[in-house]
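End of the sequence shown = 1064 in the working numbering, gap-free, step of one.
No residue lacks a Cβ here, since even glycine has one placed at the ideal position from N, Cα and C.
Some notes on the structure that comes next.
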Amino acid sequence: MKALKLSDFAVLKEQPTPEIRSVLAEQIAVAFNDRKFSESECHIAKEIILLLANDVEMRIRAILSNHLKENRDLPRDIALKLARDVEQVSTPMLEFSPVLTDDDLQEIIHSTRETKKLIAVARRKFLSSAVSGSLVEAGNTAAATALFSNNTADISEHSITRAFDLYNRNETVLDALIERGGLSLTVAQRFITSLTLNLQRKLTTKYGVSAPAAERLADDVRERATVELISKNGASRDHHEMTEHLGKTEQLTHSLVIRALCEGNFPLFESAMAELARIPTSNARKLLRQGSAQGFDSLYRACHLPENMMKATEVLLNSALEEEAFAGSPAFARRVVDRLMQRGYHKTIPNMPYIVQLLQAQQLSAR
């Protein structure tokens, strides 16, 4: 490209046609990207770019924004001016400009309600947690969906929890969050609860299922999904946090505790019993594993679990401990069922048929 002259700058002051200004805008932007200017010419080029960034023609400003969106040498004031412009001009800068700071992006997020601008920010590579948090708080479902679909964005646990509070009835946002993965167990369990409540509502409103039946079905789905979630994704250290969360939300039920045992998740079972009895997990583990009926009975009663299920739960525990080597494998539930049936417990122990059904259901799901 020929050397930039002051006369080029003078042409703009004479207000040439939009067509000429468009050509000049593209030429200067391309040359600026290619670093074809000397130091003195670069200074003049920046002045021309600033002048064009104020052009009354939107298409000319859009040309600049599209060509300079990834330029690291673009003066920040020009990048900001273009980023604050109308949607057609601003979105390339908002999505790609490396010149914009976190403060710039947050200021723009707070000052606009335009969905496409927010989406452009949400699509930026390697968004900081601060900017991600501002996007979540903006309350825009399309932008939130774009954010959670952006695998390079840094999103804090707090922002994910806030997103759940703000968007828990929006399936598109929830789907994007679930697809993203990496959720903590407590957040994932909140999702499960929300989804099963939606299931319960649909069963009653759309399919005429009675409210009690829909509630029982939703509870069953939630508990099975919760235990499976913890078993597949949770390390032992996570169980205390999870059972504490379930306890606070009144979801730490006897059936969930039994499901954990039916699946062979002893750490979850022990942590759940400890949470219900309000004692350290280590103490609960000793009482459950010492083989003393008196110790088990005292712990069970401290958990305020159904009295009529106490003997069946104790027998299940003892049989499960005998098969602990197979815990976590598809064979576990089958082997425990075989023990219970061979010893006739399904006939002699009250409510044992219910537990056998849970084990058989677990056996089928493990295939």
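Pairs of beta-carbons, one from the region 969-988 and one from the region 1000-1015, closer than 8 Å: are there three or more?
yes
Assigned secondary structure, Leu703 (DSSP; H/G/I helix, E/B strand, else coil):
Sequence index remark: in the sequence shown, residue 703 carries index 6 (1-based). Caution is warranted here: a pLDDT of 49 is assigned to Leu703, below 50, making its placement in the model unreliable, and no coordinate value can be reported.
In whole angstroms, what is the alpha-carbon distance linking Ala922 and Ile889?
For the purposes of this step, residue 922 is taken as the residue at position 225 of the sequence shown. For the purposes of this step, residue 889 is taken as the residue at position 192 of the sequence shown. Distance between the alpha carbons of Ala922 and Ile889 is about 7 Å.
With a threshold of 7 Å on Cβ separation, who are the neighbours of Leu1067 within its own chain once the five nearest residues in sequence on each side are excluded?
Residue 1067 is absent from the model: the chain starts at 698 and stops at 1064.
Among Lys983, Ser907, Ala885, Pro1047, whose alpha-carbon lies nearest the alpha-carbon of Glu1004?
On the sequence shown, residue 1004 is found 307 positions in, with the first residue counted as 1. Out of Lys983, Ser907, Ala885, Pro1047, Pro1047 has the C-alpha closest to the C-alpha of Glu1004.
When the Cα atoms are used, what is the spatial distance from Tyr864 to Ala957?
Taking the sequence shown and counting its residues from 1, the one referred to as residue 864 is at position 167. Taking the sequence shown and counting its residues from 1, the one referred to as residue 957 is at position 260. Their Cα atoms are separated by approximately 30 Å.
So, under 8 Å CB-CB, Gln1054 and Ala1030 are touching, yes? Tell me the CB distance rounded to an integer number of Å.
If you number the sequence shown from 1, residue 1054 lands on position 357. If you number the sequence shown from 1, residue 1030 lands on position 333. With 8 Å as the limit, Gln1054 and Ala1030 do not qualify as a contact, their Cβ atoms being about 11 Å apart.
On a Cα-Cα basis, can you pick out the residue from Glu736, Glu744, His764 that is closest to Val720?
Position 23 of the sequence shown, counting from 1, holds the residue named residue 720. Checking every option, the nearest Cα to that of Val720 belongs to His764.
From what residue to what residue does the alpha helix (DSSP H) around Pro1003 run?
Residue mapping note: residue 1003 aligns to position 306 of the sequence shown, counting from 1. Here Pro1003 belongs to no alpha helix (DSSP H), and DSSP marks it neither H nor E.
Does the Cβ-Cβ distance between Ala843 and Arg820 come in under 7 Å?
Taking the first residue of the sequence shown as position 1, residue 843 is located at position 146. Taking the first residue of the sequence shown as position 1, residue 820 is located at position 123. Yes, the Cβ-Cβ distance between Ala843 and Arg820 is below 7 Å.
Backbone secondary structure at Gly944 - three-state DSSP:
Sequence index remark: in the sequence shown, residue 944 carries index 247 (1-based). Helix.
Consult DSSP for Lys822 and reduce its assignment to one of helix, strand or coil.
Sequence index remark: in the sequence shown, residue 822 carries index 125 (1-based). In the structure shown, Lys822 sits in coil (DSSP, three-state: anything other than H, G, I, E or B).
Since Phe888 is in the alpha helix (DSSP H), which residue starts that stretch and which ends it?
Mapped onto the sequence shown, residue 888 falls at position 191. Here the alpha helix (DSSP H) through Phe888 covers 882-902.
Only counting the same chain, and skipping five residues up and downstream in sequence, which positions put a Cβ closer than 6 Å to that of Gly944?
What you label residue 944 is simply residue 247 of the sequence shown in a count that begins at 1. Around Gly944: Glu972.
Give every residue of the same chain whose Cβ lies closer than 6 Å to the Cβ of Gly830, excluding the five residues on either side of it in the sequence, and list them in chain order.
Mapped onto the sequence shown, residue 830 falls at position 133. The answer, listed in chain order, is Ser856.
Tell me whether Gly1041 sits in a helix, a strand or coil according to DSSP, three-state version.
The residue given as residue 1041 occupies position 344 in the sequence shown. Of the three classes helix, strand and coil, the one that applies to Gly1041 here is coil, per DSSP.
Per DSSP, what kind of secondary structure is Ser856 in: helix, strand or coil?
Within the sequence shown, numbered from 1, the residue matching residue 856 stands at position 159. Note: Ser856 maps to helix in three-state DSSP.
C-beta atoms of Val1033 and Glu1020 nearer than 7 Å:
As a position in the sequence shown, residue 1033 is number 336, starting the count at 1. As a position in the sequence shown, residue 1020 is number 323, starting the count at 1. Yes, the Cβ-Cβ distance between Val1033 and Glu1020 is below 7 Å.
Suppose only complete runs of 4+ residues qualify. What are the alpha helix (DSSP H) ranges in the region 730-790, listed by chain order?
736-750, 755-765, 773-780
Best match in Lys983, Ser928, Thr950 for proximity to Glu960 [C-alpha to C-alpha]
For the purposes of this step, residue 960 is taken as the residue at position 263 of the sequence shown. Checked all of Lys983, Ser928, Thr950; the closest Cα to Glu960 is Ser928.
What number of angstroms, rounded off, separates the C-alpha of Val1012 from the C-alpha of Phe845?
Position 315 of the sequence shown, counting from 1, holds the residue named residue 1012. Position 148 of the sequence shown, counting from 1, holds the residue named residue 845. Their backbone Cα atoms lie some 46 Å apart in a straight line.
Where do the ends of the alpha helix (DSSP H) carrying Arg982 lie?
Counted from its first residue, the sequence shown places residue 982 at position 285. Its alpha helix (DSSP H) spans residues 978-986.
Helix, strand or coil: which one does DSSP assign to Ala841?
For this step, residue 841 is matched to residue 144 along the sequence shown. Ala841 falls in the helix class under three-state DSSP.
Thinking C-beta only, is Leu797 closer than 7 Å to Val828?
By one-based count along the sequence shown, residue 828 stands at place 131. By one-based count along the sequence shown, residue 797 stands at place 100. Result no, Cβ atoms of Val828 and Leu797 do not sit closer than 7 Å.
With Ile1052 and Ala1009 assumed to form a contact (beta carbons below 8 Å), what rounded beta-carbon distance in angstroms separates them?
As a working mapping, residue 1052 is identified with position 355 in the sequence shown. As a working mapping, residue 1009 is identified with position 312 in the sequence shown. Confirmed, about 5 Å.
On the criterion of 16 or more Cβ atoms from any shown chain inside 10 Å, does Ile806 qualify as buried, or is it exposed?
Position 109 of the sequence shown holds residue 806. Its Cβ being crowded by 16 or more others within 10 Å, Ile806 is buried.
Answer yes or no: the CB of Glu804 versus the heavy atoms of the ligand MG, is any distance below 6 Å?
The ligand MG is absent from the structure shown, which contains no ligand whatsoever.
Taking Ala974 as the reference, which of Glu941, Met1006, Gln987 has the closest Cα?
Counting from 1 along the sequence shown, the entry for residue 974 is found at position 277. The option with the nearest alpha carbon to Ala974 is Glu941.
Collapsed DSSP secondary structure at Glu912 in the structure displayed:
Residue 912 sits at position 215 when you count from the first residue of the sequence shown. Correct three-state label for Glu912: helix.
Taking the alpha helix (DSSP H) that Ser1062 belongs to, which residues open and close that run?
Your numbering for residue 1062 matches position 365 in the sequence shown. First-last of the alpha helix (DSSP H) with Ser1062: 1049-1062.
Is the separation between the beta-carbon of Ser825 and that of Asp851 shorter than 7 Å?
The count along the sequence shown starts at 1 and reaches residue 825 at position 128. The count along the sequence shown starts at 1 and reaches residue 851 at position 154. Taking 7 Å as the Cβ cut-off, Ser825 and Asp851 qualify as a contacting pair.
For Ala860 and Glu854, what's the separation of their Cα atoms in angstroms?
Translated into the one-based positions of the sequence shown, residue 860 becomes position 163. Translated into the one-based positions of the sequence shown, residue 854 becomes position 157. The alpha-carbon atoms of Ala860 and Glu854 are separated by roughly 10 Å.
Report the three-state DSSP secondary structure of Asn962 (helix, strand or coil).
To locate residue 962, count along the sequence shown from 1; it is residue 265. Coil at Asn962, not helix or strand.
What's the C-alpha gap between Thr978 and Glu792?
By one-based count along the sequence shown, residue 978 stands at place 281. By one-based count along the sequence shown, residue 792 stands at place 95. Answer to the nearest angstrom: the Cα atoms are 49 Å apart.
Leaving out five residues before and five after Thr946 in sequence, what residues of the same chain have Cβ atoms less than 8 Å from its Cβ?
Residue 946 sits at position 249 when you count from the first residue of the sequence shown. Cβ within range, chain order: Thr890.
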